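Numbering (the UniProt record's numbering), first residue to last: 1 to 173. C-beta atoms are modelled at their ideal positions from N, C-alpha and C, and glycine is treated no differently. These numbers come from a predicted model, not from an experiment. This report concerns only the one structure given below.
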Amino acid sequence: MRGRNVKDIMLFHNELLNSAARGDGPIWNEVWALNVPLKVRMFLWRACSNCLPTRDKLHQRRVRVETQCELCLQQAKTAHHILWECPFAQNVWALFRGRTQKCSNRASDFFLLFQQMQRKLSQQELEKWAVTAWAIWNARNKFYFQHFQTHPNVISEMASGLLEEYQRLMDTQ
């Protein structure tokens with residue numbers, strides 16, 4: 001954790017303790033049991049733990065950033081907004097068939113959204129949902145840092161391809 005200040009480490013530690021105190025062990029077991037690449041499980045854990053470096057988190061740590069979403073210019077940029085509510089994300093989710101499209105976007109944070117998805121989706125659908133959320137995060141970062149906007153079809157196809165390739169590899173081992 002070199003390069004982090006004590007306050008950041010304490011905030012991260014408190015978030016972990018709060019999660020453990022809430023009895024979320026079964027939720028974390030579900031995250032770690034997903035048949036998706038480790039980078040996706042780590043991303044999902046960070047998103048559910050509210051540890052992603054979103055604009056609202058950076059602003060809380062006194063980094064001078066605009067808290068509005070750079071794509072829709074509407075809400076504070078939280079993980080839940082970035083990955084589910086933003087029209088950019090909604091364009092990707094609109095490509096899904098089945099129960100994912102019927103899920104409400106009324107959850108107040110990403111952890112609650114994951115719990116909702118866990119209850120409503122099959123294991124296979126949840127894995128596709130997780131990889132797609134990771135792909136949306138990466139596409140937004142590409143937009144922010146490289147000024148290149150990836151088309152929703154490309155994001156969806158990339159997520160599906162990554163998941164299929166990973167699961168095919170795991171089946172051969």
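{"query": "Quick one: what's got a C-beta closer than 6 angstroms to aspartate 109's C-beta in the same chain, skipping five residues either side?", "result": "His80"}
{"query": "Hey, how far is the Cα of phenylalanine 148 from the Cα of arginine 140?", "result": "9 angstroms"}
{"query": "Should the stretch 157–165 be regarded as contacting the stretch 131–138, the criterion being three or more beta carbon pairs within less than 8 angstroms?", "result": "yes"}
{"query": "Is it right to say asparagine 153 is buried, meaning 16 or more other beta carbons lie within 10 angstroms of its own, or is it exposed?", "result": "exposed"}
{"query": "Compute the Euclidean distance between the alpha carbons of leucine 83 and phenylalanine 111, then round it to the nearest angstrom.", "result": "12 angstroms"}
{"query": "Per DSSP, glutamine 68 is paired with what?", "result": "Ala76"}
{"query": "Excluding five sequence neighbours on each side, which residues of the same chain lie with their C-beta closer than 6 angstroms to the C-beta of arginine 46?", "result": "Leu52"}
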